[in-house]
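Per mature numbering (1 follows the signal peptide of the UniProt record, and there is no 0), the sequence shown runs over residues -22 to -1, 1 to 381.
Virtual Cβ for every residue (Gly too), placed ideally from N, Cα, C.
Bear in mind that the values here come from a model prediction, so they are computed numbers and not experimental data.
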Amino acid sequence: MAAAGLCSFLATAFFLLASSSALVEELDETFKETRQEDVWLVDFYAPWCGHCKKLEPVWNEVGIEMRSSGSPVRVGKMDATVHSSIASEFGVRGFPTIKLLKSDMAYNYRGPRTKEDIIEFANRVAGPLIRPLPSQQMFDHVQKRHSVLFLYVGVESTLKEKFIEVASELIVYTYFFSASEEVLPEYVTLNEVPAVLVFKDSTYFVYDEYEDGDLSSWVNKERFEGYLHVDGFTLYELGDTGKLVAVAVIDEKNNSVEHTGLKSIVQEVARDYRDHFHRDFQFGHMDGNDYINSLLMDEVQVPTIVVLNTSNQQYFLPNKKVENTEDLIQFINSILDGTAEAQGGDGILQRIKRVAYDARSTVVVSKMCTWLYTTPSEIIYVYYHYLFSFTEVVKLMFFKSIL
């Protein structure tokens, strides 16, 4: 009886495994000719890649969820070592690489490798670039679902053409909507229409071409909430904004005033001094100092404030303890006026320092990912997603630069 029960269990488990795998199609050379017939979410993998193997059960869950929800997106995977020409055509440089293929467009996914995040990305990118909001009820519903959303208000115009163009570029990150002025809540006031707005942080902001410049750059900077929980992935994304990142490095499990108070100070400055600092700074906090220590090659005391420049790997530390908002504002102003001392950087001496630091650090390196990246934001991306140490990647860059 027990044996029969075990056999039944194993048969059921095998069936479920086979069913989930069947919902993820193994693609071959014929995909090149047929891919434009549907919208595809594809995992380009290598059989020897450990990260690909880790992604596989998640990918099977994605296939099940997309099919059961009635999504038009088909889920597939391709062995990029066998079909290297197709992988190269799609710009695959490492494994695993996730792309959504829609008509002639190929959209890269660089978010967390969770089922929920991957599905959210697929549904967003596979849908319309601009989603219409025909009623205030629909607007309210959408606003409750999204912490950040961009809205075009008005009829056809040059501004709308720009909005569509920006959406085609940045749909991988956020949502874009359109509505008439009548749909807007009563608290929204527009001086002129057409207009582009961003709704976030329990308020809204209107795009001003004269003050904000290029619409694409404005959207790229405004797609984040004013205050964030910063991790490696977030820091990578913030690298595209050109902003300095001011973070409170704290222990989230520590409920002492020293930790919670520093976080509150940063939150208060982010909220109350947006008009002063938002153009140049992004605010948030990090839980623990492990990640920041690897970036700075130093032991950062917790709690503390660190301001990072992801474009050149420089950073700033306050010369005194930050105990209130006035202290933080003074520190930020010293960075803006150039009186604060910048540390780090990406010069040759700093690269040599990284090699020395690496020699006395525990390094976790994936031998499967040995290509070189050349920008700081790409370094952060590799460190976070492929389990390179930050110092190992920079060391590879260093040797590349002197060869």
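Let me check one thing: in DSSP terms, what residues is residue i bridge-paired to?
i	result
residue 157	131
residue 265	228
residue 167	Bridge partners of residue 167: none, in fact.
residue 18	52, 79
residue 317	Bridge partners of residue 317: none, in fact.
residue 452	Examination of residue 452 is not possible in this model, given that the chain is present from -22 through 381 alone.
residue 86	77
residue 65	BP columns for residue 65 are empty, so no partner.
residue 3	54
Assuming residue i contacts residue j (C-beta within less than 8 Å), just tell me the rounded distance between them.
i	j	result
residue 127	residue 155	6 Å
residue 185	residue 174	4 Å
residue 9	residue 70	Actually they are not in contact, since the Cβ atoms of residue 9 and residue 70 sit about 13 Å apart, beyond 8 Å.
residue 29	residue 74	6 Å
residue 103	residue 149	5 Å
Pull up the distance between the alpha-carbon of residue i and that of residue j, whole angstroms please.
i	j	result
residue 275	residue 320	15 Å
residue 268	residue 207	15 Å
residue 65	residue 266	38 Å
residue 386	residue 161	Coverage of the chain is limited to positions -22 through 381, which leaves residue 386 absent and any answer about it impossible.
residue 212	residue 285	15 Å
residue 55	residue 237	45 Å
residue 295	residue 273	14 Å
residue 219	residue 37	30 Å
residue 76	residue 19	7 Å
residue 110	residue 192	23 Å
residue 34	residue 82	26 Å
residue 172	residue 297	47 Å
residue 105	residue 257	31 Å
residue 116	residue 253	30 Å
residue 86	residue 151	10 Å
residue 57	residue 145	31 Å
residue 135	residue 6	44 Å
residue 157	residue 48	27 Å
residue 216	residue 326	25 Å
residue 93	residue 312	43 Å
residue 119	residue 153	14 Å
residue 299	residue 264	18 Å
residue 341	residue 72	A caution first: residue 341 carries a pLDDT of 42, below 50, which makes its placement in the model unreliable, though a value can still be read off. C-alpha separation (whole angstroms): 20 Å.
residue 67	residue 140	28 Å
residue 233	residue 63	54 Å
residue 308	residue 190	25 Å
residue 230	residue 277	18 Å
residue 246	residue 31	43 Å
residue 239	residue 205	15 Å
residue 228	residue 84	39 Å
residue 78	residue 170	37 Å
residue 133	residue 123	25 Å
residue 360	residue 59	Legend: pLDDT at residue 360 = 47, less than 50; position of this residue unreliable, no value from coordinates given.
By alpha-carbon positions, which one of the options ends up nearest to residue i?
i	options	result
residue 248	203, 138, 232	203
residue 14	21, 52, 45	52
residue 384	50, 273, 255	Residue 384 lies beyond the stretch modelled for the chain, which goes from -22 to 381, so this question has no answer here.
residue 61	260, 25, 221, 220	25
residue 197	172, 20, 147, 180	147
residue 108	94, 96, 125, 129	129
residue 282	258, 262, 89	262
residue 50	232, 97, 69, 85	97
residue 45	29, 21, 1, 11	1
residue 138	216, 120, 194, 243	194
residue 95	43, 12, 145, 279	43
residue 210	271, 68, 140, 102	271
residue 40	7, 58, 3	3
residue 304	280, 251, 58	251
residue 235	123, 280, 199, 149	280
residue 181	121, 113, 309	121
residue 101	17, 277, 133	17
residue 88	214, 310, 11, 239	214
Are the beta-carbon atoms belonging to residue i and residue j less than 8 Å from one another?
i	j	result
residue 224	residue 241	no
residue 131	residue 164	no
residue 290	residue 323	yes
residue 221	residue 183	no
residue 306	residue 244	yes
residue 287	residue 293	yes
residue 178	residue 113	no
residue 200	residue 176	yes
Measuring only from the beta carbon, is residue i closer than 7 Å to any heavy atom that is part of the ligand GTP?
i	result
residue 285	Of the ligands one can find in the structure shown there are none, so the ligand GTP has no counterpart to examine.
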